[in-house]
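Novice: Following the numbering used here, the numbering of the sequence shown begins with 100 at its first residue and continues without gaps.
Even for Gly, the Cβ is constructed at its ideal location relative to N, Cα and C.
These numbers were taken from a predicted model, which means no experiment stands behind them.
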Amino acid sequence: MKQHVIGSQSFGRIGLGCMGMSWAYGPGGELDSNLAVLDRALELGVNHWDTADLYGQGENEKLLSHRVSQVRDQIFLATKFANVFDRTLTSHQDQVAASSPWIVDGTPEYIRKCIDLSLARLGVDHVDLYYQHRVDPLVPIEETVGALAELVQAGKIKHIGLSEPSADTIRRAHKVHPIAAVQSELSLWTQDYVHDVVPLTGELGITFVAYSPLGRGFLTGKYKSLEDFAADDWRRNNPRYAEEAFAANMAIVDQVQAVANRHQATTGQIALAWVLAQGQHVVTIPGTKRIPYLEENAAADSLVLSPTDLAELGSVQPPVGERYPETAMQYVNG
Ligand SMILES: NC(=O)c1ccc[n+]([C@@H]2O[C@H](COP(=O)([O-])OP(=O)(O)OC[C@H]3O[C@@H](n4cnc5c(N)ncnc54)[C@H](OP(=O)(O)O)[C@@H]3O)[C@@H](O)[C@H]2O)c1
Numbered sequence: 100m101k102q103h104v105i106g107s108q109s110f111g112r113i114g115l116g117c118m119g120m121s122w123a124y125g126p127g128g129e130l131d132s133n134l135a136v137l138d139r140a141l142e143l144g145v146n147h148w149d150t151a152d153l154y155g156q157g158e159n160e161k162l163l164s165h166r167v168s169q170v171r172d173q174i175f176l177a178t179k180f181a182n183v184f185d186r187t188l189t190s191h192q193d194q195v196a197a198s199s200p201w202i203v204d205g206t207p208e209y210i211r212k213c214i215d216l217s218l219a220r221l222g223v224d225h226v227d228l229y230y231q232h233r234v235d236p237l238v239p240i241e242e243t244v245g246a247l248a249e250l251v252q253a254g255k256i257k258h259i260g261l262s263e264p265s266a267d268t269i270r271r272a273h274k275v276h277p278i279a280a281v282q283s284e285l286s287l288w289t290q291d292y293v294h295d296v297v298p299l300t301g302e303l304g305i306t307f308v309a310y311s312p313l314g315r316g317f318l319t320g321k322y323k324s325l326e327d328f329a330a331d332d333w334r335r336n337n338p339r340y341a342e343e344a345f346a347a348n349m350a351i352v353d354q355v356q357a358v359a360n361r362h363q364a365t366t367g368q369i370a371l372a373w374v375l376a377q378g379q380h381v382v383t384i385p386g387t388k389r390i391p392y393l394e395e396n397a398a399a400d401s402l403v404l405s406p407t408d409l410a411e412l413g414s415v416q417p418p419v420g421e422r423y424p425e426t427a428m429q430y431v432n433g
């Protein structure tokens, strides 16, 4: 696995998004089967593990604790705060409409509570990367990053990250303390940041961590209709998966398939190779709870796309539908 470096640590440029093991995409895996995926990931050099306090309301961090405590030095461990799931922890309650389904909190008080809870759930004394999961529109980014810098000083986190920030927010944040990583959605059907945040992070020496690189599974071509998803699968609420959009978006998979045929690869592997080709500073964290998918994804590391492939992939048909429902779109590019 080709390596990427942040600070004094190096790790595989294809990492593992752990969210789906506990949350969002239908039933999570059983404990033993999730741990087997983590073990195999380590064998393959997939040692950048991504979680968040939100995923399963702390359950995903607890799941990782079963392995991380044993192999701490071999893992580049990232978690996140800011999406409030326990309203007793936030003072933003009064500032956000009671009816709002979503509160984002970037206040120093909230951050200090969250990091201790995450460290306890993970069973570690520090994380390598701590992201603000969404930028809080009510708190200046300078204040949030100032509080995160104090956590670096205290040794609780090694590096600071931001998820879904705008280019302007990144510039302001980076003046307060070096931002090590920006984690935002980047894939063949979400090319939103290709012309601003991706080049900006490269210029500033910030790692761009591409999340949902497989379009939440769509780009693998495995899913044929909404019927393929469990009743509680989050993708049922995603506009790109809505019935008519789904059918129209299948044309994107067909376009990727044409390139995949030339490489004797899967469309998912081509999707990952395209993301990694966006810059030396770009890494990715495809999510899975299954060993065969993990192995297939890790093997994308050896794919090299030609300029012709990249041109063809860069101009796939734009997707039908936003990448999030409306309530969530307000917090991206923040
Ligand atoms: N910062 C943020 O706001 C944010 C938002 C979303 C996600 N993330 C992070 O990014 C990680 C990755 O994103 P994601 O999980 O949303 O989307 P993704 O990696 O694009 O896709 C994951 C989905 O694709 C399926 N899949 C994975 N490999 C496959 C393969 N080789 N063939 C067929 N299907 C395959 C998985 O199935 P199974 O579940 O059945 O294995 C899962 O349903 C997450 O785990 C999370 O850590 C961050």
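(1) Residue 399 bridges to which residues according to DSSP?
(2) Restricting to Cα atoms, I'd like to know which of 109, 225, 217, 287 is closest to residue 418.
(3) Starting from residue 373, follow the alpha helix (DSSP H) in both directions and report where the run begins and ends.
(4) With three or more beta-carbon pairs closer than 8 Å as the criterion, would you say the region 133-152 touches the region 107-121?
(5) What does residue 148 pair with, by DSSP beta-bridge criteria?
(6) If we call anything under 8 Å between Cβ atoms a contact, is residue 437 one with residue 318?
(7) Any chance the region 355-363 sits against the region 327-346, with 3 or more Cβ pairs inside 8 Å?
(8) Spell out a yes or no on whether the region 254-272 and the region 392-408 are touching, meaning 3 or more CB-CB pairs, one atom from each, closer than 8 Å.
(9) What do you get for residue 43, buried or exposed, if any count of 16 or more other CB atoms within 10 angstroms of its CB means buried?
(10) Please state the DSSP three-state secondary structure of residue 433.
(11) Please look up how many angstroms separate the CB atoms of residue 182 and residue 233, rounded, as I've assumed it's under 8 Å.
(12) With a Cβ-Cβ cutoff of 8 Å, do residue 329 and residue 126 count as a contact?
(13) Quick check on this structure: which residue in 135, 173, 153, 307 has the alpha carbon closest to the alpha carbon of residue 144?
(14) What does a CB cutoff of less than 6 Å around residue 320 pick up in its chain, not counting 5 residues either side in sequence?
(15) Just to confirm my understanding: we take residue 431, look at its own chain, exclude 5 residues before and 5 after, and list those with CB closer than 7 Å. What are they?
(16) What's the C-alpha gap between residue 100 and residue 249?
(17) Starting from the C-beta of residue 269, find all residues in its chain whose C-beta is less than 8 Å away, skip the five residues before and the five after it, and write them out in chain order.
(18) Based on the DSSP secondary-structure assignment, which residues constitute the bridge partners of residue 382?
(19) Nearest to residue 230 by CA position, among 236, 223, 243, 222, is which residue?
(20) Going by the CB atoms, is the gap between residue 122 and residue 157 shorter than 8 Å?
(21) According to the neighbour-count rule (16 or more other Cβ atoms, all chains shown, within 10 Å of its Cβ), is residue 57 buried or exposed?
(22) Threshold first: 4 residues or longer. Then list the alpha helix (DSSP H) segments lying entirely within the region 327-363, N to C.
(23) Please state the DSSP three-state secondary structure of residue 105.
(24) Measuring only from the beta carbon, is residue 311 closer than 7 Å to any heavy atom that is part of ligand 1?
(25) For residue 242, name the three-state secondary structure that DSSP assigns.
(26) Cβ atoms of residue 293 and residue 354: under 8 Å apart, would you say?
(27) Specify, as a first and last residue, the run of the alpha helix (DSSP H) that residue 223 falls within.
(28) Where residue 413 and residue 104 are concerned, what is the direct C-alpha to C-alpha distance, given to the nearest angstrom?
(29) What are the boundary residues of the alpha helix (DSSP H) that residue 413 is part of?
Specialist: On the basis of the coordinates in this document:
(1) Counting from 1 along the sequence shown, the entry for residue 399 is found at position 300. BP columns for residue 399 are empty, so no partner.
(2) Within the sequence shown, numbered from 1, the residue matching residue 418 stands at position 319. Selected option, being the one with the closest Cα: 287.
(3) Residue mapping note: residue 373 aligns to position 274 of the sequence shown, counting from 1. Residue 373 -> alpha helix (DSSP H) spans 366-375.
(4) yes
(5) The residue given as residue 148 occupies position 49 in the sequence shown. According to DSSP, residue 148 bridges with 115, 176.
(6) Residue 437 lies beyond the residue range present for the chain, which begins at 100 and ends at 433; the question has no answer from this structure.
(7) no
(8) no
(9) Given a span of 100 to 433 for the chain in the structure shown, any question on residue 43 remains unanswerable.
(10) Locating residue 433 in the sequence shown gives position 334, counting from the first residue. Note: residue 433 maps to coil in three-state DSSP.
(11) Translated into the one-based positions of the sequence shown, residue 182 becomes position 83. Translated into the one-based positions of the sequence shown, residue 233 becomes position 134. Right, their Cβ atoms sit about 6 Å apart.
(12) In the sequence shown, counting from the first residue as 1, residue 329 sits at position 230. In the sequence shown, counting from the first residue as 1, residue 126 sits at position 27. Yes, Cβ-Cβ distance for residue 329 and residue 126 is below 8 Å.
(13) For the purposes of this step, residue 144 is taken as residue 45 along the sequence shown, with counting starting at 1. Among 135, 173, 153, 307, the Cα nearest to that of residue 144 is on 173.
(14) Residue mapping note: residue 320 aligns to position 221 of the sequence shown, counting from 1. If we look at residue 320 and ignore the five residues flanking it on each side, its Cβ neighbours are 352, 366.
(15) Position 332 of the sequence shown holds residue 431. If we look at residue 431 and ignore the five residues flanking it on each side, its Cβ neighbours are 263, 423.
(16) Sequence index remark: in the sequence shown, residue 100 carries index 1 (1-based). Sequence index remark: in the sequence shown, residue 249 carries index 150 (1-based). The alpha-carbon of residue 100 is positioned some 34 Å away from that of residue 249.
(17) Here residue 269 refers to the residue found at position 170 when the sequence shown is read from its first residue. Hits under 8 Å: 261, 278, 281, 296, 299, 300, 303, 305.
(18) In the sequence shown, the residue the question calls residue 382 occupies position 283. BP columns for residue 382 point to 308.
(19) Here the question's residue 230 lines up with position 131 in the sequence shown. Residue 243 is the option with its Cα nearest to residue 230.
(20) Numbered from 1 along the sequence shown, position 58 holds the residue referred to as residue 157. Numbered from 1 along the sequence shown, position 23 holds the residue referred to as residue 122. Cβ distance not < 8 Å, so residue 157 and residue 122 don't count as in contact.
(21) Residue 57 lies beyond the range of the chain shown here (100 to 433); nothing can be said about it.
(22) Runs of the alpha helix (DSSP H) lying entirely within the region 327-363 and spanning at least 4 residues, in chain order: 342-362.
(23) Start at 1 with the first residue of the sequence shown, and residue 105 comes out as number 6. Strand, per DSSP.
(24) Here residue 311 corresponds to residue number 212 of the sequence shown, with the count starting at 1. Indeed, a heavy atom of ligand 1 lies less than 7 Å from the Cβ.
(25) In the sequence shown, the residue the question calls residue 242 occupies position 143. Helix at residue 242.
(26) Position 255 of the sequence shown, counted from the first residue, corresponds to residue 354. Position 194 of the sequence shown, counted from the first residue, corresponds to residue 293. Contact flag unset, no.
(27) Working through the sequence shown from its first residue, we reach residue 223 at position 124. Going by DSSP, residue 223 is part of no alpha helix (DSSP H) at all; its letter is neither H nor E.
(28) Reading the sequence shown from its first residue, position 314 is the one you call residue 413. Reading the sequence shown from its first residue, position 5 is the one you call residue 104. So the alpha carbons of these two residues sit roughly 27 Å apart.
(29) Taking the first residue of the sequence shown as position 1, residue 413 is located at position 314. Note, residue 413: alpha helix (DSSP H), 406-413.
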